[in-house]
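Asker:
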Amino acid sequence: MKNNNNNFKELEDKVMSEIKSGRVKLHPKYVFLVKKLGLNSGIILTVILAILFFSLAIFYMRTADSLEYLSFGKAGILAFLESFPYLLVVSLILFLFATGYLITKTEWSYKKPFKYFALVILVFVLVMGSIAAYSGLSENI
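Heads up: the sequence shown begins at 426 in the working numbering, then just goes up one per residue.
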């Protein structure tokens, strides 16, 4: 027990000497709170934007009747690809990657593998985006 106390005292002295020398700076507790709130807000914002862009892509394909082109065979596929909303889909993918990146910076991402978070976010965005697209939210925007 005495040896353990000795090691603890040595560690405490080492840490205190680093702090007093100025090489280690102390940060207030609110800095960590602001970082945590900022990360969580960023995750929520990117998920909402991903849902919005997915619902807008579905809305665009519904209003432009792009999905009906697929029934015309090879020529229909080419027409579908010409009218496909690439910018909306690229924006959706970018927001999904941004969400994944922000999740890796949080403390709860270390508890489970990232593939579970990615799958849950992807399914959540697709389901909520579909609900938003078919409920008329896109028409109001």
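Where a beta carbon is used, it is the ideal one built from N, C-alpha and C, also for glycine.
1) Suppose only complete runs of 3+ residues qualify. What are the beta strand (DSSP E) ranges in the segment 432–514, listed by chain order?
2) Buried or exposed: where does residue 494 fall if 16 or more other Cβ atoms within 10 Å of its Cβ makes it buried?
3) How many Å lie between residue 510 and residue 448 at the Cα?
4) So, for residue 530: in the same chain, excluding its five sequence neighbours on each side, which residues have a beta-carbon less than 7 Å away from its beta-carbon?
5) Please report how far the alpha carbon of residue 561 lies from the alpha carbon of residue 458, in whole angstroms.
6) Out of 548, 501, 502, which has the shortest C-alpha to C-alpha gap to residue 521?
Answerer: Reading it off the structure:
1) none
2) buried
3) 53 Å
4) 464
5) 38 Å
6) 548
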